[in-house]
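Note sheet for the following structure.
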Amino acid sequence: MNGEIRALLARHLPDYRVRSIDRLGQGLDNTVYEVNNELLVRRNKATTPEETRQEVARLAAVRELSPLPVPEVVFADESGVIAYSKLPGEPLNRHPVADPRLLARPLADFLSALHGASPDRMRDLAPLDTYPAPTLLQDAELDYRDVEAHVPEDQRHLVERFLGEPPPDEPAELRFCHNDLGAEHLLADAAASTITGVIDWTDAAITDPAHDFALIYRDLGPEVFELTVSHYAFALDEADRARVLFYARCALIEDLAYGLSTGPHHYAEAALTHLAWTFG
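Using my numbering, the first residue of the sequence shown is number 509, and each one after it goes up by one.
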C-alpha cells in the first residue's frame, strides 16, 4: 500500500519529497497514512468518485463555517484518496485534556455555526440521514446481546432498562451536522485544554442535531454536555434532550460491540468507562 501512496503523491505533488509513510490506523471504511509528519492521506475503501468530489466541496464549505480548525484538502483522487494538511494536537479519546469543561464554549460555538447553516445550502454537499429511532434501538439490542457478558453485572440492568423503553419521537427539524463527533474526531492540546481541530467529515449529513450532542454526552459526560448546551445558540427542549440520551446510549453500545469485535479495543474500554454516566 505504501507504493500506491507514493504513486499518488508523485502524480498530484510531483515536486514533493517523501521521507516517511506511516499507517496511522484503519476503521470500517477508511485507512489513514501519515506522510512526513505533515500530510494525512486517507483512503476510503467504498467511496465513489462523486462522493469524493462531494466531500472535497463539503470540507471547503465547512472551513468557511467552522470557528474551529478543520482539515484543508491538499489533493483528491477519484480512487477515493484524499490528502489533507495535518492539524496540530492529538485525538481527545487517547489524550484527555486537563479540564474538559474548558471545551464546552468552543464546542458550543462550533455546533452553533454548523447547525446554523442553511440546510438548503448544504443539501448538495451532504446526504440526508433519517435512520429511524426504532431501527437504531433494534440494532443496539442486537449489539448488546453479542457483548452482554462483557458488561459488569451490576450495570447490565441500566442497559436492559434502556432497551426496554420506547424510542423517542423523530425530530421536528434537521440540520447540517458532523454526525460522528466522538472524542476520536476532536484534536486537542491536552495541557492547555483547547480543541485544535475537528476531523473525519465522511459521515457529515443533514440530520438531527441531537446526534452531535449525543457523542459529547457519551464521551465527555453530562457536565460538559450541560455547559455546551448553556452556550449553544439554539434551545434544546425536553424532546431534544431525550433524543440526545437515546443516541448517546445507542452509540455507546455500538462502540462497545465494535471494540470487542473488529475495532481497536480502546473503543470498548472507553464504552465501559462511560457506561455509568451515559445510562445512569
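Note that beta-carbon positions come from the ideal geometry of N, C-alpha and C, so glycine has one too.
Note that the coordinates shown come from a computational prediction; the quantities given were computed from them, not determined experimentally.
With a cut-off of 8 angstroms on the beta carbons, I'd call P635 and A698 a contact; round off their distance for me. About 34 angstroms separates the two Cβ atoms, so there is no contact after all.
Out of P596, A657 and V526, which has the shortest C-alpha to C-alpha gap to L694? Closest by alpha carbon: P596.
Which runs of the beta strand (DSSP E), 3 residues or longer, sit entirely within the stretch 558-609? For the beta strand (DSSP E) assignment, the uninterrupted runs of no fewer than 3 residues enclosed by the stretch 558-609 are, from N- to C-terminal side, 581-585 and 589-593.
Other residues of its chain near S587: CB distance less than 7 angstroms, five sequence neighbours each side excluded: Short of 7 angstroms from the beta carbon of S587, and not among the five residues preceding or following it, lies no beta carbon of its own chain.
Using a Cβ-Cβ cut-off of 8 angstroms (strictly less than) and excluding sequence neighbours within five positions of D647, which residues of its own chain qualify? Closer than 8 angstroms at Cβ, skipping near neighbours: C758 and E762.
Neighbour-count burial assignment, S626, 16 or more Cβ in a 10 Å radius: With fewer than 16 Cβ atoms within 10 Å of its Cβ, S626 is classed as exposed.
How far does the beta strand (DSSP E) with I707 in it reach, from first residue to last? Here I707 belongs to no beta strand (DSSP E), and DSSP marks it neither H nor E.
Would you mind sorting P642 into buried or exposed? The rule is 16 or more other CB atoms within 10 Å of its CB. So P642 ends up on the exposed side.
For G690, count the other beta carbons within 10 Å of its own beta carbon; 16 or more makes it buried, fewer makes it exposed. Which is it? The Cβ neighbour count for G690, taken over all protein chains shown within 10 Å, is at least 16; the residue is labelled buried.
Take V570 as the anchor and find which of Y541, W709 and A612 has the nearest alpha-carbon. That would be W709, whose Cα lies nearest to the Cα of V570.
Alpha carbon to alpha carbon, how far is E734 from D720? Cα-Cα distance, rounded: 13 angstroms.
Would you mind stating whether A565 and L633 have Cβ atoms separated by less than 8 angstroms? At the C-beta level, A565 and L633 come within 8 angstroms of one another.
Could you tell me which of R550, L760 and A680 sits nearest to I534, measuring between CA atoms? Looking at the sequence shown, residue 534 is not Ile but Gln. The shortest Cα separation from Q534 among R550, L760 and A680 belongs to R550.
Starting from N510, trace the alpha helix (DSSP H) in both directions and tell me its first and last residue. Taken as a continuous stretch (DSSP letters only), the alpha helix (DSSP H) holding N510 covers N510 to H520.
Would A568 pass as a contact of H739 if the rule is Cβ separation under 8 angstroms? No, Cβ-Cβ distance for A568 and H739 is not below 8 angstroms.
Identify every residue that forms a DSSP beta bridge with Q534. According to the DSSP secondary-structure assignment, Q534 is paired through a beta bridge with T539.
Using CA atoms only, rank isn't needed, just tell me which of F754, A554 and T556 is closest to T676. A small correction: the amino acid at residue 676 is Pro; Thr does not occupy that position in the sequence shown. If we check each option's Cα against that of P676, F754 comes out closest.
If you follow the beta strand (DSSP E) that T786 is in, where does it begin and where does it stop? Counted as a single uninterrupted DSSP element, the stretch harbouring T786 is not any beta strand (DSSP E) but the alpha helix (DSSP H) occupying residues H773 to F787.
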